[in-house]
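Participant: End of the sequence shown sits at 673 in our numbering; the numbers just go up one at a time, nothing left out.
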Amino acid sequence: MTSILPWSHCNNEWNTDNCLDNSRHNASFSNVSKEANWSMNTNLTKMTPSEEYWKYNVLQITSGIEDLGGIRLELLACLFAAWVLVFLCLFNGIKSSGKIVYVTVTFPYIVLIIFLVRAVTLPGAIEGIKFFIIPKWHNLLSTKVWGEAAVQIFFSSGAGWGAILTMASFNKFHHNMYRDAIIVPAINSGTSIFAGFVTFSILGFMAHEKGMAVEDVLTQGPGLVFMAYPEAISRLPVSPLWAILFFLMMLTIAIDTQFGTFETITSALTDEFPKLLRKKKMLVTAGVCFLGFLLDIPLIMQGGMYILQIVDWYCGLFTPMLVAVIECIVIGWIYGTEQFYKDIEMMIGYTPCTGWKICWKFITPVVILVMLVFNMTQLQPVSYNHYQYPSYAIVIGWVIGMVSVAPIPLYMIKAIACAEGSLQQRIGCLLRPISEWEPVLRNEKNRMETCTLTYFKPTEVDKCELNSTKNTDEIQNIL
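(1) DSSP on I328, reduced to helix/strand/coil?
(2) Tell me the DSSP bridge mates of Y581?
(3) Report the rounded CA-to-CA distance for C483 versus M476, giving the unit in angstroms.
(4) If we ignore side chains and look at the alpha-carbon of each, how far apart do V392 and H203 end up?
(5) Could you give the DSSP three-state label for M444: helix, strand or coil?
(6) Check whether the region 515-529 touches the region 580-596, counting contact only when three or more Cβ pairs, one atom from each stretch, lie closer than 8 Å.
(7) In terms of alpha-carbon separation, which member of A357, F367 and E409 lies closest to T677?
(8) What are the complete alpha helix (DSSP H) segments, minimum 4 residues, inside the region 538-614?
(9) By the 10 Å Cβ neighbour count, where 16 or more other Cβ atoms means buried, how is A362 classified, buried or exposed?
(10) Mind pulling the alpha helix (DSSP H) runs of 4 or more residues that sit fully within the region 346-409?
(11) Is C623 helix, strand or coil by DSSP?
(12) Can you tell me the Cβ-Cβ gap for G354 and M565, rounded? I've got them flagged as a contact below 8 Å.
(13) Tell me which residue opens and which closes the alpha helix (DSSP H) that Y529 is part of.
(14) According to the Cβ coordinates, are E403 and R429 closer than 8 Å?
(15) To the nearest angstrom, report how far apart I307 and W631 are at their CA atoms.
(16) One question on the structure: do A313 and F399 come within less than 8 Å of each other, judged by their Cβ atoms?
(17) Compute the Euclidean distance between the alpha carbons of F367 and M541, then round it to the nearest angstrom.
(18) Evaluate contact between the region 503-519 and the region 555-569, counting only Cβ atoms and requiring at least three cross-stretch pairs below 8 Å.
(19) Which residue or residues does DSSP assign as beta-bridge partners of I265?
(20) Nearest-angstrom Cα distance between V378 and K240?
(21) Going by CA-CA distance only, name the one from I494, S257, V345 and L267 that's closest to V561.
(22) If we call anything under 8 Å between Cβ atoms a contact, is I259 one with Y583?
(23) Here's the rule I'm using: 16 or more other beta-carbon atoms within 10 Å means buried, otherwise exposed. How should M495 be labelled?
(24) Look up C213 in the DSSP assignment and give the residues it is bridged to.
(25) Quick test of your reading: G591 and I504, contact by CB under 8 Å. State the CB separation rounded to the nearest angstrom.
(26) Rounding to the nearest angstrom, what Cα-Cα distance links S350 and L334 in this structure?
(27) Suppose you measure from the CA of R620 to the CA of M606; what does that come to, to the nearest Å?
(28) Taking the beta carbon of T315 as the centre, do at least 16 other beta carbons fall within 10 Å, making it buried, or is it exposed?
(29) With DSSP run on the structure shown, which of helix, strand or coil describes W340?
(30) Buried or exposed: E268, going by 16 or more other Cβ atoms within 10 Å of its Cβ?
(31) Among the candidates L284, V478 and F394, whose CA atom is the shortest distance from the CA of I327?
(32) Can you give me the C-alpha to C-alpha distance between V599 and T455, rounded to a whole angstrom?
(33) Assuming G498 contacts P492 under a Cβ cut-off of 8 Å, what Cβ separation, rounded to an integer in Å, is found between them?
(34) Could you tell me if T196 is buried or exposed, where buried requires 16 or more neighbouring beta carbons within 10 angstroms of its beta carbon?
(35) Indicate the three-state DSSP secondary structure (helix, strand or coil) for Q618 in the structure shown.
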């Protein structure tokens, strides 16, 4: 909270001789060729004040993963405060987070609108917008462009992470999820386009200020959020106000994203151990928060960015796609698209478009498999800026990626081992929905209403469901 942002100049104790001060960069030279030559040389060796602030003050980053350095106490305090905030927002489960999202969802849109109004008035913003909306038609012939676009859409939709399924499970049975399946992707794509206008307006302004082309100031990952945006903000009038708005927006986005991921973990635990944990939701939330805090400590060490890059590189690319493919196979080929189609019709009260069946069974799994293969073939060894990781770090990355999907086959083996009967009977029982599956309960209720209870006997299928359910008393009452 200062009148001058610390990353707007090179007069701080953490700045080096390579710091490129804005005033020096914008100084006029009578000799144009001399200026161009100086700019070219400094762009190769110099760093902006925001880049040095991020690397040498915030991270105090080491030379590589071989040297993790010490724990950054300031970041440790921020990490602890962040997890406390998550606990306060989620200690009462969906009841508390459902109210908070009204703020965490709407606030980023308000800030983005404010930024857009300001950004489009900056010099060079129009050039940035043109770069954003005018296509380079020759790139449409590149399979890499289409592959990266498909991957971006997949990850921005949140598929395969579990958060959407978890949040949807709290809806009423007759909630119109068919409508949600159309509205949510539309809002997601619209938000991405809207945010693109904001981002490229600011990048166009930065390109104008530096005398560079827009494509030369492009960056991605943490660099865009913690170096490019702060650099642009430092050049705005009343820059501290814009910095406060921007980082508050980033905080609400991070918290909002954390809600879904965190609720997925706690719901999985309480659903798996209902008798032990369901009535202790606050303790479960506190325990998961504390565990998350401990696991995050290596990431806030001086070399923590190298660890974060490995985790993001090898877990974020493959795990959600693999999970999504498995989900499509289970729904389309094991549970059956026809039965799933009837379940949805039972839920929403009308027949959805039959094209969904083709998507569930063929188009969606094939497209995701193609994206998965594309990622595998295009994957380069992990790197961070110009740092190349040693071989053992790459091996660790693959191990981390495998560990993230290991619970799926391990739980399958555990379920088969705990079931009764022959192997074929065990697998057959486990591939049927459990009795708490709402369509099963409603079908049973309808069947009870049309049968004479005196002569009703459970079938072999019913017995299988009875053995596999967690709530046998409920089924026995139905029977």
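Note that CB positions come from ideal geometry on N, CA and C, so glycine has one too.
Facilitator: In short:
(1) In the three-state reduction of the DSSP assignment, I328 falls in the coil class.
(2) In the DSSP assignment, the residues bridged to Y581 are Y578.
(3) Each residue's alpha carbon lies about 11 Å from the other.
(4) Each residue's alpha carbon lies about 24 Å from the other.
(5) Collapsing the DSSP output to three states places M444 in a helix.
(6) The region 515-529, when compared against the region 580-596, does not touch it at the 8 Å Cβ threshold.
(7) The requested residue 677 is not part of the displayed model; the chain covers only 195 to 673.
(8) The qualifying runs are 549-552, 558-572, 585-599 and 601-612.
(9) Label assigned to A362: exposed.
(10) The qualifying runs are 357-362 and 371-404.
(11) In the three-state DSSP reduction, C623 falls in the helix class (H, G or I).
(12) G354 to M565, Cβ: 11 Å. No contact.
(13) Y529: not part of any alpha helix (DSSP H); DSSP gives it neither H nor E.
(14) Yes; because the gap between Cβ atoms is below 8 Å, this pair is in contact.
(15) Rounded to whole angstroms, I307 to W631 spans 43 Å at the Cα level.
(16) The Cβ-Cβ distance between A313 and F399 falls below 8 Å.
(17) Linking F367 to M541 through their CA atoms gives a straight-line distance of about 6 Å.
(18) Under the Cβ criterion (8 Å, minimum of three pairs), the region 503-519 counts as touching the region 555-569.
(19) According to DSSP, which records beta bridges pairwise, I265 is partnered with M495.
(20) Answer to the nearest angstrom: the Cα atoms are 43 Å apart.
(21) V561 has its Cα closest to that of V345, out of I494, S257, V345 and L267.
(22) A contact, by the Cβ cut-off of 8 Å.
(23) M495 counts as buried, since at least 16 other C-beta atoms from the protein chains shown sit within 10 angstroms of its C-beta.
(24) Beta-bridge pairing links C213 to M241.
(25) About 4 Å; that satisfies the 8 Å criterion.
(26) The straight-line gap from Cα to Cα measures roughly 21 Å.
(27) In this structure, the straight-line span from the alpha carbon of R620 to that of M606 is close to 11 Å.
(28) T315 is exposed by the Cβ-count criterion.
(29) The answer is helix: DSSP assigns W340 an H, G or I state.
(30) Counting other Cβ atoms within 10 Å of its Cβ, E268 stays below 16 and is therefore classed as exposed.
(31) Taking the Cα of I327 as reference, the smallest distance to any Cα among L284, V478 and F394 is reached at F394.
(32) Between the C-alpha atoms of V599 and T455 there is a straight-line separation of about 15 Å.
(33) Contact check for G498 and P492: beta-carbon distance about 6 Å, within the 8 Å limit, so the pair qualifies.
(34) Flag for T196 reads exposed.
(35) In the structure shown, Q618 sits in a helix (DSSP, three-state: H, G or I).
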